[in-house]
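Take any residue in the sequence shown, count from 1 to its spot, add 1: that is its number in the numbering used here. What follows is a single structure, written as structure tokens, with notes after it.
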Amino acid sequence: MGEIFDNVRSVLERVREAARRSGRDPSEVTVVAVSKTHGVEKILEAAEAGISTFGENYVQEAEKKILSVGQPLKWHLVGHLQKNKAKKAVTLFDYIETVDSVKIAQEISTRALSVGKKVPVLVQVNVAEESSKWGVLRNDLVPLLEEIALLPGIEVKGLMTIPPYEEDPEEARKYFASLRELKEKVNGLGIPGIELKELSMGMSHDFEVAIEEGATIIRVGTAIFGRRHYA
Ligand SMILES: *Cc1c(COP(=O)(O)O)cnc(C)c1O
2 MGEIFDNVRS VLERVREAAR RSGRDPSEVT VVAVSKTHGV EKILEAAEAG ISTFGENYVQ
62 EAEKKILSVG QPLKWHLVGH LQKNKAKKAV TLFDYIETVD SVKIAQEIST RALSVGKKVP
122 VLVQVNVAEE SSKWGVLRND LVPLLEEIAL LPGIEVKGLM TIPPYEEDPE EARKYFASLR
182 ELKEKVNGLG IPGIELKELS MGMSHDFEVA IEEGATIIRV GTAIFGRRHY A
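What follows is the structure in structure tokens.
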């Protein structure tokens, strides 16, 4: 077995240790292997090593891979979704992590219903209020949730964030903690149709801190597949 196999084993071991350190059950943490720019062979090697969930950023790029892997894997959309790609996205993906407007939630719901699905989604939150990032601002989260809670084609499962890049992963802890606090605050409001369970946070260089702060989904690219090469 090659490098990717070894990388997966080592990531899974680090997940177990981070969970143990924080008194959590490692089975509460799903590793999404983010495979953007990487080919099907690498995806299959990661699957062989124990990964069953993959993440892609672009619908077009994902389509080719999803249709050619030829085995039942789970796929999360982790990149921003444009309205005109929603139809394709709901047929290809098992999970959409990047809802950040009422409009896109409505479009996903409508498209999902038309293919007989109810799609689990996360709402992406821009925790550090960076102008360069997608995601709803903290203050807009509750109004958004109230509007999308009862859409019949989606099921709101939790929150996702991509915090600012910090050299020292400890610096990201405050953002992870703040997403967890937002989730607790929302659950305390008792919005009909909304019970947030999932927190998607943590990437290759900071997933251990994210797990310590309550991540249930981590999105790991480089630590599994190595550096990305853009065409
Ligand atoms: C690319 C990407 C990742 C993976 O990042 P790494 O630092 O390579 O682990 C995770 N989440 C999102 C949203 C991404 O776009």
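Glycine residues also receive a C-beta, built at the ideal position from the N, C-alpha and C atoms.
>> Can you find the residues in the same chain that come closer than 6 Å, C-beta to C-beta, to Gly203, ignoring five residues on each side of it along the sequence?
In response: Ala211, Ala216 and Ile219
> Can you find a heavy atom of ligand 1 that lies under 8 Å from the Cβ of Ala224?
Replying inline: yes
> With Gln125 and Val137 assumed to form a contact (beta carbons below 8 Å), what rounded beta-carbon distance in angstroms separates them?
Replying inline: 7 Å
> Does the Cβ of Ser36 have 16 or more other Cβ atoms within 10 Å, making it buried, or fewer, making it exposed?
Replying inline: buried
> By DSSP, does Lys198 sit in helix, in strand, or in coil?
Replying inline: coil
>> When you compare the region 163-178 with the region 138-145, are there three or more beta-carbon pairs, one atom per stretch, that lie closer than 8 Å?
In response: no
> How should Thr241 be labelled, buried or exposed, when 16 other C-beta atoms within 10 angstroms of its C-beta is the threshold for buried?
Replying inline: What is shown of the chain runs 2 to 232, which leaves residue 241 out entirely.
>> Does the contact criterion of 3 or more C-beta pairs under 8 Å hold for the region 61-80 versus the region 92-109?
In response: yes
> Tell me which same chain residues have a C-beta within less than 7 Å of the C-beta of Glu147, skipping the five on either side of it?
Replying inline: Ile192
>> Using a Cβ-Cβ cutoff of less than 6 Å, which residues in the same chain neighbour Val60 once the five nearest sequence positions on both sides are dropped?
In response: Lys86, Lys89 and Ala90
> Just to confirm, does His206 get its C-beta within under 8 Å of one of the non-hydrogen atoms of ligand 1?
Replying inline: yes
> Between Pro121 and Lys158, which are expected to be in contact by the criterion C-beta below 8 Å, what is the C-beta distance as a whole number of angstroms?
Replying inline: 5 Å
> Considering only residues of the same chain and omitting the five flanking positions on each side of Glu196, which have a CB-CB separation below 8 Å?
Replying inline: Asn188
> With distances taken between CB atoms, is the gap from Leu160 to Ser201 smaller than 9 Å?
Replying inline: yes
> By the 10 Å Cβ neighbour count, where 16 or more other Cβ atoms means buried, how is Lys43 classified, buried or exposed?
Replying inline: buried
> Taking the alpha carbon of Asp101 as the point to measure from, which residue in Ser23, Gly40 and Val128 has its own alpha carbon closest?
Replying inline: Val128
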